[in-house]
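**Q** This is the structure I have questions about; it appears just below.
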Amino acid sequence: MSISTALPEQAPLGRRIKRFMSDYPLVPLLILLILLVLVLQMLSPGIVNQRWIANTVKFAIPLALLAGCQTMTMLTGGIDLSVGTAATMAAFIVATQAVDNPAPVAMMIALIPAMIIGFANGIGVGVFRVHPLIMTLGTSLIGVGCLQVYQRTVIASGAKVPDFLIWLGTGVTGGFPNALLLFIPIAALLIFIQKRTGFGRLLYAIGDNERATRLAGVKYWQVILALYMFSSILAGIMGLLYMGLIRAPSLSLAEPLVLPSVAAAVIGGTSIFGGRGSYTGTIVGALILTVLTTLLTILQMPEGARRILFGAIILLVTAAYLRIIEDR
Amino acid sequence: MMRLLRQQGWVVGLLALLVVLLIVAKLIQPSYGAGDFGSLVRAVLPYAFAVAAQTVVVIAGGIDLSVAAMMALTSVTAAALMAGASEEFALLVVPFVLLMGFALGALNGILIVVSRVPDIVVTLATLFMLQGAALLVLNAPGGGSAEWLRNLIVGTVPIPVLPDTIAAFFPKALLLLVVLLCVVWIPLKRSRLGLSIYAIGSNQLAAFRSGVPVARTKILAYAFGGLFGAMGGLSLTMSTGIGAPIPGPYLMASVAAVVLGGVVLGGGKGGLLGPIIAVFVLRLARTILTLLAIDPNVTAIVEGTILVAVVMFGAFIAMRSRSR
Chain A
401 MSISTALPEQ
411 APLGRRIKRF
421 MSDYPLVPLL
431 ILLILLVLVL
441 QMLSPGIVNQ
451 RWIANTVKFA
461 IPLALLAGCQ
471 TMTMLTGGID
481 LSVGTAATMA
491 AFIVATQAVD
501 NPAPVAMMIA
511 LIPAMIIGFA
521 NGIGVGVFRV
531 HPLIMTLGTS
541 LIGVGCLQVY
551 QRTVIASGAK
561 VPDFLIWLGT
571 GVTGGFPNAL
581 LLFIPIAALL
591 IFIQKRTGFG
601 RLLYAIGDNE
611 RATRLAGVKY
621 WQVILALYMF
631 SSILAGIMGL
641 LYMGLIRAPS
651 LSLAEPLVLP
661 SVAAAVIGGT
671 SIFGGRGSYT
681 GTIVGALILT
691 VLTTLLTILQ
701 MPEGARRILF
711 GAIILLVTAA
721 YLRIIEDR
Chain B
1043 MMRLLRQQGW
1053 VVGLLALLVV
1063 LLIVAKLIQP
1073 SYGAGDFGSL
1083 VRAVLPYAFA
1093 VAAQTVVVIA
1103 GGIDLSVAAM
1113 MALTSVTAAA
1123 LMAGASEEFA
1133 LLVVPFVLLM
1143 GFALGALNGI
1153 LIVVSRVPDI
1163 VVTLATLFML
1173 QGAALLVLNA
1183 PGGGSAEWLR
1193 NLIVGTVPIP
1203 VLPDTIAAFF
1213 PKALLLLVVL
1223 LCVVWIPLKR
1233 SRLGLSIYAI
1243 GSNQLAAFRS
1253 GVPVARTKIL
1263 AYAFGGLFGA
1273 MGGLSLTMST
1283 GIGAPIPGPY
1293 LMASVAAVVL
1303 GGVVLGGGKG
1313 GLLGPIIAVF
1323 VLRLARTILT
1333 LLAIDPNVTA
1343 IVEGTILVAV
1353 VMFGAFIAMR
1363 SRSR
């Protein structure tokens, strides 16, 4: 209740603002992002400079990539919880394989498990019609187990992160993080797929009304299989990038980003029930979450209070945003 | 009628699977006996309550991602309150913690109803909040537990008419689990509220149009989920004697067992018995793999494969019967 009254919606002017915002759902998100940055600047003056921005973008990119997987799968009314495992496997394998193999070969090998996970997800969801939440949870359990077994076979050989990945993950050229070289094409591709291709339209159609889409002659399982394989490979690529950023292989590298990636997609206006959303919103959502994390770190509260605030803000933002774009 | 039969068929099948697994365990390790069964039940206890919490919510058409965090919070609260306190004081702590779980569960429901945000996102947010609150209560594992509370799940139930060898197969933990679940679940399922929970899970709009108070039912469903979560938290404190603020692996396990137990994600179908048997099956499978001296890491792979295979099989059967 209090959420809707807090928004500017008195008088015709308020309604006009609201109409404008619901027509351009990106605007309120950007306003929130700018507000957060302003608050940050007020709390610790001088923190917002070029280096800070580059750093924030650097840490927002992996989150945005994972949230991209969520956005794509959520469009069909699904969700992909195995992205954390796919990314972690890719990261861990590239670090251990790079010891003996040249970097490109190691990266290729690292993406294979991600493809297998995506294939299994696609078959389970598309052909056997298992609920995506369960299917991806199951494959991620299997993946974690396989990774642990794999770890014991390579424990003696040590790990080495390819220089190229470190350059891509941590490097900054002329004030811009190198990771943008990877992220911008991927983001453009995702947006292009969603807005301009038949495949993208099928995703929205399935999320909107699966039955009608199938009756219209769409091969449901083919679309779903392609979607989940795409999502897993994207997660694998994110794992490679994240490895370059963190530079310390671990068996739970990307797991802590899974739930925030769902949050980023939802804050960005993607409906978890399918049929609505876009990747541009998700990118802003990922930026908002990253800035929020910095903000909460700077406040120097106890860890517990920080988590409480984080949860509360996710909820508040989502609720307010849903009201803006839904109540017409 | 047909559907009812199929539903019960699933539970019977699970029960048969459980018996088969028990026989397998006995075959692998001839000394597998009452003591091992007792420790199995003690290990299952927190999982079973987590599954019960998830079941109520899933039947009502929701999903509760915050269940493990709820258990962590209630567990540390109980441990922190009981640390150094008298045995009698613990008598007050238990109802307080249960009430807290009920209230926090209701809060989950209220947030979902008021904010109109999907369940999965709201409980994701409350997952962070409950986790944070648990860290505020206890920064590191610690606290204590009353002696009588810990003794509740140690040992076996003395049944005078039965010989000791058979009575040994009735651990106190099993009795506690069965009593607590029955005391809450059976009256709930028989009541008007229980019917409403199934109704809103099955078709929210239809339920609303037939005069079911959807918002109130949803809030109460989450509240009962919170109550079971609090029981799970208490059982954690009981078995370890302390409280740990970091949530255990109960979220994944609860969702897995709920689905394995024949409760449909999306709501409206299934009962509590199936998921509870399913959680025993999953734990027992893990014990058997340990008995076989299989690398514990491979155990995770096998568990995941069982989950995926069973779910695929279930979906396949559902598909066959639908097309017929």
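Chains as they are written, first to last, in my numbering: chain A, 401 to 728; chain B, 1043 to 1366.
All C-beta atoms in this analysis are idealised placements derived from N, C-alpha and C, irrespective of residue type, glycine included.
(1) Going by CA-CA distance only, name the one from Leu1216/B, Ala1209/B, Leu1314/B, Glu1189/B that's closest to Ala1085/B.
(2) Should the segment 1224-1231 of chain B be regarded as contacting the segment 1113-1133 of chain B, the criterion being three or more beta carbon pairs within less than 8 Å?
(3) Where does Val572/A sit, in a helix, a strand or coil, going by DSSP?
(4) Give me the subset of the segment 530-544 of chain A whose CB atoms are less than 9 Å from a CB atom of chain D, sorted by chain position.
(5) Given Leu1325/B, which residues of its chain have a CB within under 7 Å of its CB, disregarding the five upstream and five downstream residues?
(6) Return the chain-ordered list of same chain residues with a C-beta closer than 6 Å to the C-beta of Val1179/B, the five sequence neighbours on each side being excluded.
(7) In three-state DSSP terms, what is Pro577/A?
(8) So the candidates are Leu625/A, Leu537/A, Leu438/A; which of them puts its Cα closest to the Cα of Leu1107/B?
(9) Report yes or no: do three or more beta-carbon pairs, one from the segment 1346-1365 of chain B and one from the segment 523-532 of chain A, lie closer than 8 Å?
(10) Taking all protein chains shown into account, do 16 or more other C-beta atoms lie within 10 angstroms of the C-beta of Val813/A, making it buried, or fewer, making it exposed?
(11) Would you report the Cα separation of Ile1279/B and Leu689/A, rounded to the nearest angstrom?
(12) Between Leu1349/B and the rest of its own chain, which residues show a CB-CB distance below 6 Å, the 5 nearest in sequence each way excluded?
(13) Pull out every residue of the segment 1154-1170 of chain B whose Cβ sits closer than 8 Å to any Cβ of chain A, in chain order.
(14) Once DSSP output is grouped into helix, strand and coil, what is the label at Thr1198/B?
(15) I'd like to know whether the C-beta atoms of Ile1162/B and Val662/A end up nearer to each other than 9 Å.
(16) Compile a chain-ordered list of the residues in the segment 1172-1188 of chain B whose CB is closer than 9 Å to at least one CB of chain A.
(17) How about Gln497/A: is its C-beta nearer than 9 Å to some C-beta of chain B?
(18) Please classify Leu430/A as buried or exposed, where buried requires at least 16 neighbouring CB atoms within 10 angstroms.
(19) I'd like to know if Pro1317/B contacts chain A, where contact means its C-beta is closer than 9 Å to some C-beta of that chain.
(20) Using only CA atoms, which one of Cys546/A, Gln470/A, Val437/A, Pro462/A lies nearest to Arg676/A?
(21) Would you give the residue range spanned by the alpha helix (DSSP H) that Gln1246/B belongs to?
(22) Mind listing the chain A neighbours of Phe1358/B? Cutoff is C-beta to C-beta under 7 Å, in chain order.
(23) On the criterion of 16 or more Cβ atoms from any shown chain inside 10 Å, does Ser1296/B qualify as buried, or is it exposed?
(24) Kindly give me the distance between the Cβ atoms of Ile724/A and Met421/A, rounded to whole angstroms, as I take these residues to be in contact under 8 Å.
(25) Using alpha carbons as the reference points, say which of Ala579/A, Gly636/A, Val499/A lies closest to Ile555/A.
(26) Whose C-alpha, out of Ala1110/B, Val1139/B, Ile1105/B, is nearest the C-alpha of Val1018/B?
(27) Have a look at Ile1239/B and Pro1160/B and give me their C-alpha separation to the nearest angstrom.
(28) What does Glu703/A touch in chain B if you count any residue whose Cβ is under 7 Å from its own?
(29) To the nearest angstrom, how far is it from the Cα of Ala491/A to the Cα of Ala464/A?
(30) Please list, in chain order, the chain B residues whose beta carbon lies closer than 9 Å to that of Phe524/A.
(31) Given this structure, state the Cα-to-Cα distance separating Ile1070/B from Val1321/B, to the nearest angstrom.
(32) Of all the options Phe576/A, Leu481/A, Gly477/A, Phe583/A, which has the alpha carbon lying nearest to the alpha carbon of Ala620/A?
(33) Of all the options Asn1181/B, Gly1274/B, Ala1265/B, which has the alpha carbon lying nearest to the alpha carbon of Leu1149/B?
(34) If we count Cβ pairs, one from each stretch, closer than 8 Å, do we get three or more for the segment 603-613 of chain A versus the segment 510-527 of chain A?
(35) Quick one: what does DSSP say Pro1287/B is sitting in, helix, strand or coil?
(36) Using a 10 Å radius around the Cβ and a threshold of 16 neighbouring Cβ atoms, would you call Met1171/B buried or exposed?
**A** Let me spell this out:
(1) Checked all of Leu1216/B, Ala1209/B, Leu1314/B, Glu1189/B; the closest Cα to Ala1085/B is Leu1216/B.
(2) Per the Cβ contact rule, the segment 1224-1231 of chain B is not in contact with the segment 1113-1133 of chain B (fewer than 3 Cβ pairs under 8 Å).
(3) DSSP, reduced to helix, strand and coil, places Val572/A within a strand of the structure shown.
(4) Here the protein chains are A and B, and chain D is not one of them.
(5) In the sequence on display, residue 1325/B carries Arg and not Leu. Cβ within range, chain order: Leu1082, Ala1085, Val1086, Tyr1089.
(6) Excluding positions up to five away in sequence, the list reads Val1118, Thr1119, Ala1122.
(7) Residue state, collapsed to three classes: strand.
(8) Looking at the Cα atoms, Leu537/A is the closest of the given residues.
(9) The segment 1346-1365 of chain B makes contact with the segment 523-532 of chain A: 3 or more CB pairs, one atom from each, lie closer than 8 Å.
(10) Nothing can be reported for residue 813/A, as the shown portion of chain A is limited to 401 through 728.
(11) According to the sequence provided, residue 1279/B is Thr. The question's Ile does not apply to it. Taking C-alpha positions only, Thr1279/B is separated from Leu689/A by approximately 34 Å.
(12) Taken in chain order, the residues that qualify are Ala1298.
(13) Per Cβ criterion, the list reads Val1156, Ser1157, Arg1158, Val1159, Pro1160, Ile1162, Val1163, Val1164, Leu1166, Ala1167, Thr1168, Leu1169, Phe1170.
(14) Correct three-state label for Thr1198/B: strand.
(15) For Ile1162/B and Val662/A, yes; Cβs fall inside 9 Å.
(16) Within the segment 1172-1188 of chain B, the residues whose Cβ lies closer than 9 Å to some Cβ of chain A are Leu1172, Gln1173, Gly1174, Ala1175, Ala1176, Leu1177, Leu1178, Val1179, Asn1181, listed in chain order.
(17) Answer no: the Cβ-Cβ gap between Gln497/A and chain B never drops below 9 Å.
(18) Its Cβ having fewer than 16 others within 10 Å, Leu430/A is exposed.
(19) So no, Pro1317/B is outside the interface.
(20) The residue with the shortest Cα to Cα distance from Arg676/A is Gln470/A.
(21) Under the DSSP assignment, Gln1246/B falls in the alpha helix (DSSP H) whose first and last residues are 1246-1251.
(22) Listed along the chain, the chain A residues whose CB falls inside 7 Å of the CB of Phe1358/B are Phe528.
(23) Buried, since its Cβ has 16 or more Cβ neighbours within 10 Å.
(24) At roughly 5 Å, the Cβ-Cβ gap stays under 8 Å, so Ile724/A and Met421/A are in contact.
(25) When the alpha-carbon of Ile555/A is set against those of Ala579/A, Gly636/A, Val499/A, the nearest one is in Val499/A.
(26) Only positions 1043 to 1366 of chain B appear in this structure, which leaves residue 1018/B out of reach.
(27) For the pair Ile1239/B and Pro1160/B, the Cα-to-Cα distance works out to about 17 Å.
(28) Near Glu703/A (Cβ distances below 7 Å), the residues of chain B are Leu1177.
(29) Each residue's Cα considered, the two are about 17 Å apart.
(30) According to the sequence provided, residue 524/A is Gly. The question's Phe does not apply to it. From the beta-carbon of Gly524/A, the residues of chain B found nearer than 9 Å are Val1350, Val1353, Met1354, Ala1357.
(31) Taking the straight line from one Cα to the other gives about 21 Å.
(32) Note on residue identity: the sequence assigns Tyr, not Ala, to residue 620/A. Distances from the CA of Tyr620/A to each of Phe576/A, Leu481/A, Gly477/A, Phe583/A were compared; the closest alpha carbon is that of Gly477/A.
(33) Residue Ala1265/B is the option with its Cα nearest to Leu1149/B.
(34) Remark: fewer than three beta-carbon pairs, one from each stretch, lie closer than 8 Å, so the segment 603-613 of chain A and the segment 510-527 of chain A are not flagged as touching.
(35) Pro1287/B: coil per DSSP, three-state reduction.
(36) Buried, since its Cβ has 16 or more Cβ neighbours within 10 Å.
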